[in-house]
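Numbering (this note's numbering), first residue to last: 121 to 305.
Glycine included, each C-beta is placed from N, C-alpha and C at the ideal position.
Model, not experiment: these values are computed from the prediction.
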Amino acid sequence: MDCGSQLTQNIARRIREAGVFAEIVPFHASPEKVFTEDLEGIVISGGQFSVYDSLAPSVSKEILDAKVPILGICYGQQTIAHQLGGKVKPTQNREYGETQIRLVGESPLFKSVPSSELKVWMSHGDIVTRLPPDFEVLAVSQQGHIAAMQGGMMYAVQFHPEVDHTEQGRVILNNFLNICDAARI
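Right under this line is the structure:
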């Protein structure tokens with residue numbers, strides 16, 4: 121689901137490179153458009169918005185309640201947190217470019233990642249400061265911000281696994297595809 125990120129095509133390309141069909145739809149796509157017979161998972165992209173902007177993209181509650189795994193990336197993490205009762209706010213210390221994160225929770229999203237410390241690529245001015253109910257922190261940035269979270273079948277990362285600058289980014293995306301039990305082409 122495209123929320124206006126300039127990296128949305130990268131996300132789809134990485135998924136396709138892993139041998140999985142990916143279709144880009146706008147964030148405002150109807151549930152009927154999204155809930156196709158072969159839907160295995162949903163990725164909510166980043167974007168240049170704050171969740172508090174008047175024109176900020178938001179995904180329908182029906183889609184967030186989907187019975188398939190969901191991965192939010194950057195703004196995708198923020199909108200998931202905001203829409204499900206968490207708290208998002210502007211940060212004094214923007215994270216842009218290469219940033220170090222530390223894994224602090226267990227999750228299939230980070231299976232086979234060889235180290236608990238990773239260099240990742242971030243580009244954001246807002247951060248999640250309070251998790252939605254029933255979510256847990258999976259990683260924190262060197263600034264102490266929530267860098268990854270999980271609640272049930274919903275996963276979210278503040279960084280961009282779709283870019284080559286993120287160590288183990290393809291492993292993380294592949295792990296999400298495995299969580300989805302995605303059919304390989």
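Per DSSP, the bridge partner or partners of residue i
i	result
Lys-239	Gln-220
Gln-270	Glu-256 and Tyr-275
Ser-261	Ile-221
His-244	Glu-215
Arg-250	Lys-207
Asp-122	Pro-146
Whole-number beta carbon distance between residue j and residue i, since they are thought to touch under 8 Å
i	j	result
Cys-123	Gly-161	Between Gly-161 and Cys-123 the Cβ distance is about 16 Å, and since that is not below 8 Å, they are no contact.
Ala-259	Arg-222	6 Å
Val-140	Ala-302	4 Å
Glu-208	Thr-156	It is Val, not Glu, that sits at residue 208 in the sequence shown. Their Cβ separation, rounded to whole angstroms, is 30 Å, which puts Val-208 and Thr-156 out of contact at 8 Å.
Pro-189	Phe-255	No, Pro-189 and Phe-255 are not in contact; Cβ-Cβ is about 14 Å, not under 8 Å.
Closest by C-alpha distance to residue i, when choosing among the options
i	options	result
Ser-261	Val-224, Ala-302, Leu-251 and Asp-254	Val-224
Ala-132	His-285, Met-273 and His-280	His-280
Ala-267	Gly-196, Ile-299, Gly-205 and Ala-303	Gly-196
Leu-238	Pro-151, Gly-289, Ser-165 and His-244	Gly-289
Leu-191	Met-121, Phe-141 and Pro-234	Met-121
Leu-184	Met-273, Cys-300, Glu-215 and Asn-294	Met-273
Gln-220	Trp-241, Ala-176, Val-248 and Pro-177	Trp-241
Asn-180	Ile-200, Ser-174 and Asn-213	A small correction: the amino acid at residue 180 is Ser; Asn does not occupy that position in the sequence shown. That would be Ile-200, whose Cα lies nearest to the Cα of Ser-180.
Ser-125	Ser-227, Pro-210 and Val-163	Val-163
Val-102	Ser-174, Ala-138, Val-291 and Glu-152	The shown model of the chain, from 121 to 305, leaves out residue 102, and the question about it has no answer.
Opening and closing residue of the beta strand (DSSP E) in which residue i lies
i	result
Leu-191	190–193
Residue range of the unbroken alpha helix (DSSP H) whose run includes residue i
i	result
Lys-181	181–184
Arg-304	Unbroken run through Arg-304: none, as it is neither H nor E.
Exercise. Counting only runs of 4+ residues fully inside the segment 133–171, write out the alpha helix (DSSP H) ranges in chain order.
Key: 151–154
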